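**Q**
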Amino acid sequence: MHIKPFEELTIQDNFMFQKVMRNKRICKATIERLLDIQIKDITYLEEEKSLHMNPDSKGIRLDVYVNDVDGTVFNVEMQTTKNMEELVKRVRYYQSIIDLHNIEKGQDYTELNDTYIIFICTFPVFTGELHKYTFRNVCLENYKIELNDGTTKLFLSTKGTEDDISKPLQYFLDYVDGKSPADELVTEMDSVVDKVRHSKEWRLEYMTLEMELRRQRKEGNAEGKAEVVLGMLEDKLSLEMIAKYTKLTIEQIKEIGKAHSLI
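Take 345 as the starting number for the sequence shown in this note's numbering and just add one per residue.
1. Spell out a yes or no on whether the segment 540-547 and the segment 491-507 are touching, meaning 3 or more CB-CB pairs, one atom from each, closer than 8 Å.
2. Do three or more CB pairs link the segment 438-448 to the segment 467-478 at distances below 8 Å?
3. If we count the other Cβ atoms within 10 Å of its Cβ and call it buried at 16 or more, is Leu529 buried or exposed?
4. Let me make sure I understand the geometry here. Which of His445, Leu353, Ser510 and Lys523 has the alpha-carbon closest to that of Leu378?
5. Could you give the uninterrupted runs of the beta strand (DSSP E) lying entirely in the segment 468-511, keeping only those of 3 residues or more?
6. Looking at C-alpha atoms only, which residue of Glu578, Phe499, Lys591 and Thr593 is the closest neighbour of Leu606?
7. Please report the residue range of the alpha helix (DSSP H) in which Thr531 lies.
8. Could you tell me whether the segment 440-454 touches the segment 476-484, where touching means 3 or more Cβ pairs closer than 8 Å?
9. Is Thr425 helix, strand or coil when you go by DSSP?
10. What would DSSP say about Glu385, mapped onto helix, strand or coil?
11. What does the Cβ neighbour count give for Ala603, buried or exposed, with the cut at 16 atoms within 10 Å?
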């Protein structure tokens, strides 16, 4: 996992994107621009909201998680790693977890909030031609009939080639893609980016996050190797052979084996 130096962070990076979107006016105006709608007001449900159904389930971390005065939920995510198969399944999982967290036991299903899940992608998506792909559930036999279940998924791409979006949205996507600010809102975003880069407090926060990510990666690698060692011990491979393939010492392998009663 490559961890970018603090000085190199841009609006594409989750840490920076979250800080910019903590400016309520910018966040509200950005959502209005992305969806071409008007919103009376927004409320932050939580910055980088973490949602878990139970300790054993896969949790999700949401970059921007807000709702408006009507209760509509907006989840906005910055996506920089191209894996469309994973991305479309992720949006499905996000929808299910958000729904489960927005209805209480005993509530009627009609009380489920309308939701918008928005992925801002820094790479071509689907056909690669459009900047904007909006998905709702429709009837295959009659496309005029929508399910009207209140869910919308939106994929935006900075690499679109068609003239398919408004100028303000184009300015925003161009900025995400690395171009200079071209209007007032994007200029204000850029100003916040500069402010973050010069903030000692946010530098320290990022360094703390960086250390935590390195720790998790180290522990993850260690746990992964431990599982391999246990499998090899169960298959009765020699300690020397296990050491050769795992790059662990004989002593480390013995320690793992003894902890699981395999040696």
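Glycine residues also receive a C-beta, built at the ideal position from the N, C-alpha and C atoms. Note that the structure is a prediction, hence the values are computed from the model and not measured.
**A** Quick look at the numbers:
1. No: fewer than three Cβ pairs fall under 8 Å.
2. In short, these stretches do not touch, since the Cβ pair count stays below three.
3. So Leu529 ends up on the buried side.
4. Leu378 has its Cα closest to that of Ser510, out of His445, Leu353, Ser510 and Lys523.
5. Qualifying beta strand (DSSP E) stretches, in chain order: 476-479 and 495-501.
6. Ranking Glu578, Phe499, Lys591 and Thr593 by CA distance to the CA of Leu606 puts Glu578 first.
7. Under the DSSP assignment, Thr531 falls in the alpha helix (DSSP H) whose first and last residues are Glu528 to Arg541.
8. Under the three-pair Cβ rule at 8 Å, the segment 440-454 does not count as touching the segment 476-484.
9. The answer is coil: DSSP assigns Thr425 none of H, G, I, E or B.
10. Looking at the sequence provided, one finds Asp at residue 385 rather than Glu. Residue state, collapsed to three classes: coil.
11. Ala603 counts as exposed, since fewer than 16 other beta carbons sit within 10 angstroms of its beta carbon.
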